[in-house]
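Protein chains in written order, with this note's numbering: chain P, 30 to 340; chain U, 6 to 270.
Note that CB positions come from ideal geometry on N, CA and C, so glycine has one too.
Following this line, the structure appears as structure tokens:
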């Protein structure tokens, strides 16, 4: 257990954490803003990766490839949205259906279960190899950080618009939203589209980073994303009140997740157990607010004239 | 203004829990009418409001608002014509959003929501002025999250939101029932002020017979999904709670209204 090995692995962990940070921001939109646990992301992450790699292998520019990957993810989100709203399927199940369907779609996109891309032959935006000994503007950490800042700025703007406010209201109180003339089904579909677009973009970057797209690359993406959201909120929730900062907190949460993961690996844990560990950690963190409410709340007696105000 | 023609709504049809909530129900409101609605539990009062608001489709009949047939319109489309305040103070507002953001959502009721800014500085000034009417000091807490407000404050805010864009019809579904008497009186007073100021056509459900007599120009009593008593003008002004109770006993065959009606009178 050489501590230097751990330090050497850190930049890679940060880069991966940042790329997954985009996924986590996407998951934040559905999970926190829309109050939907969207499992389609496990499939759309891979869709993004698959589309991006196949487009690049066919000679497309990296930016065009990422754009199309994002659009493909949006289409996946649209499918989940239609399952959920138009067909009345519970959100969780709608996501699972999309995820399962995407398995076939992803195989068809790639033609086989794994497609590699050579960093020396193609002009990649991010890569394992662009972490050390490259100009800072080519450094993956720098590139992804810029992308995240741009995305957060765009989302901050969007959720401040009339349409974005309608989306937030839908997640907060759908009865009230409909009473105020908001088409809550539309809002949900739109939220799922945006979220899955971000996740697919993240998948496109991830596949470039690791040098291949794999049919299993999205497995457990929802759990990693939720972990990042929860870690981000637990650590930065008290200081990051503003919406943009909250999103930044989620990205930081994702980085922390990968750093912790790296430490755990460095400590020599069996890597086969990592997913089990992630699942348990997320389960416990999701339980904390529930436990808090159930076991640690003391009945409070409010003083003043409003004590019976129905609140 | 509002025309409900022979509307029927049955819940759980074909089961042991079958409940005819609205039974060939008809009601017509004139422009500027302020109608109070009373009736026992399960009389169909809230069902009538939900039918007007389009929470679910009705089984039969027609609903027209200002001459427009809205029977087949979805809930969010009908919102263009309606201002609604609910019984539960939590229902009418978005808790995690600011007071200004909630008002801004209401300001855009019935309009297309674009990618323009969700609230403007000019709007916020306007909201401050409007909040002063409530007399709750909310004008100084414009960006506070609504979740921090008390039930009474939230209900007053919902009322303001419902009337921010003048509705063709204001639906108040026992909007003071969950509040303490003092707060309830205050919210009711504000209701009266806003309704009179904007000459709103209003339908107000209440379980308080005194309030039902004191407010509005017309009173209807519902029982088993129908209107069983409809009184307006001078005749309504001269009503007493005892008259309403007698009327109720007459139609329900002695069985008495409900505990809540008793307790509050």
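Q. Going by DSSP, what residues sit across from residue 224 of chain U in a beta bridge?
A. U/41, U/236
Q. According to DSSP, is residue 143 of chain P helix, strand or coil?
A. strand
Q: Go through the region 145-219 of chain U residue by residue and report every complete run of the alpha helix (DSSP H) that reaches 4 residues or more, in order.
A: 156-169, 186-203, 214-219
Q: Please list the residues of the region 88-121 of chain U that have a C-beta atom closer than 7 Å to any C-beta atom in chain P, keeping them in chain order.
A: 89, 94, 96, 97, 98, 99, 100, 101, 102, 106, 109, 110, 111, 113, 114, 115, 118, 119, 120, 121
Q: Measure the CB-CB distance between residue 28 of chain U and residue 49 of chain U and report whether it falls below 9 Å.
A: yes
Q: Note down the Cα distance separating residue 209 of chain P from residue 185 of chain U, rounded to an integer number of angstroms.
A: 26 Å
Q.
For the structure I just gave you, are there three or more beta carbon pairs, one from the region 38-48 of chain P and one from the region 178-197 of chain P, closer than 8 Å?
A. no
Q) At a Cβ cut of 7 Å, what residues of the region 174-208 of chain P count as close to chain U, listed as they run along the chain? A) 189, 190, 191, 192, 193, 194, 195, 197, 198, 201, 202, 204, 205, 207, 208
**Q.** Proximal chain P residues relative to residue 80 of chain U, where beta-carbon distance stays under 7 Å
**A.** 207
Q: List the residues of chain P whose Cβ lies closer than 7 Å to the Cβ of residue 85 of chain U, in chain order.
A: 210
Q. Can you list the residues of chain U that residue 99 of chain P reaches, using a CB-CB cut of under 9 Å?
A. Within chain U, no residue comes near residue 99 of chain P; the closest Cβ sits about 19 Å away, beyond 9 Å.
Q) Using a Cβ cut-off of 7 Å, which residues of the region 113-146 of chain P contact any Cβ in chain U, in chain order? A) none
Q: Provide the residue span of the alpha helix (DSSP H) that contains residue 204 of chain P, from first to last.
A: 203-208
**Q.** Same chain, Cβ closer than 6 Å to residue 246 of chain P, neighbours up to 5 away in sequence not counted
**A.** 75, 78
Q: Give the straight-line distance between the Cα atoms of residue 113 of chain U and residue 153 of chain P, rounded to the nearest whole angstrom.
A: 45 Å
Q: List the endpoints of the continuous beta strand (DSSP E) containing residue 24 of chain U.
A: 24-34
Q | 7 Å Cβ cut-off: residues of chain P touching residue 123 of chain U | A | 189, 190, 191, 193, 194
Q.
Am I right that residue 193 of chain U and residue 88 of chain U are in contact with their C-beta atoms under 8 Å? What's the rounded C-beta distance?
A. About 16 Å separates the two Cβ atoms, so there is no contact after all.
Q. Which residues bound the beta strand (DSSP E) around residue 242 of chain P?
A. 241-243
Q | Three-way DSSP call (helix, strand, coil) for residue 134 of chain P in this model | A | helix
Q: Identify every run of the alpha helix (DSSP H) within the region 178-203 of chain P, keeping only runs that are complete inside it and at least 4 residues long; order them along the chain.
A: 191-201
Q. Hey, which unbroken runs of the alpha helix (DSSP H) at 4 residues or more fall wholly within the region 76-112 of chain U?
A. 80-83, 104-112
**Q.** Status (buried if at least 16 other CB within 10 Å, exposed otherwise) for residue 121 of chain P
**A.** exposed
Q. Do the region 115-123 of chain U and the region 90-101 of chain U meet, that is, are 3 or more Cβ pairs less than 8 Å apart?
A. no
Q: Can you grab the Cα-Cα spacing for the pair residue 136 of chain U / residue 62 of chain P, in whole Å?
A: 27 Å
Q) What residue does the beta strand (DSSP E) around residue 279 of chain P start on, and which one ends it? A) Counting along the chain, residue 279 of chain P falls outside any beta strand (DSSP E), though it belongs to the alpha helix (DSSP H) covering 272-295.
Q | Proximity test, Cβ basis, 9 Å: residue 58 of chain U and chain P | A | yes
Q | Minimum C-alpha distance to residue 81 of chain U - residue among U/94, U/106, U/55 | A | U/55
Q: Please list, in chain order, all residues of the same chain as residue 83 of chain P whose beta carbon is under 7 Å from its beta carbon, the five residues on each side excluded.
A: 138, 139, 144
Q.
Run through the DSSP bridge pairs and tell me what residue 73 of chain U is partnered with.
A. U/70
Q: Step through the CB atoms of chain P and report whether any lies within less than 9 Å of the CB of residue 166 of chain U.
A: yes
Q) So, is residue 334 of chain P buried or exposed, given that buried needs 16 or more other C-beta atoms within 10 angstroms? A) Residue placement at residue 334 of chain P is flagged as unreliable, the pLDDT there being 42, under the threshold of 50; the coordinate-derived value follows with that caveat. Classification of residue 334 of chain P: exposed, given that the 10 Å Cβ count is below 16.
Q) Using 9 Å as the limit for Cβ to Cβ distance, is residue 52 of chain P near chain U? A) no
Q) Roughly how many whole angstroms lie between the Cα atoms of residue 182 of chain P and residue 277 of chain P? A) 10 Å
(Q) What does the Cβ neighbour count give for residue 206 of chain P, buried or exposed, with the cut at 16 atoms within 10 Å? (A) buried
Q: Just the chain U side, please: which residues come within less than 8 Å of residue 213 of chain P by C-beta, in chain order?
A: 81
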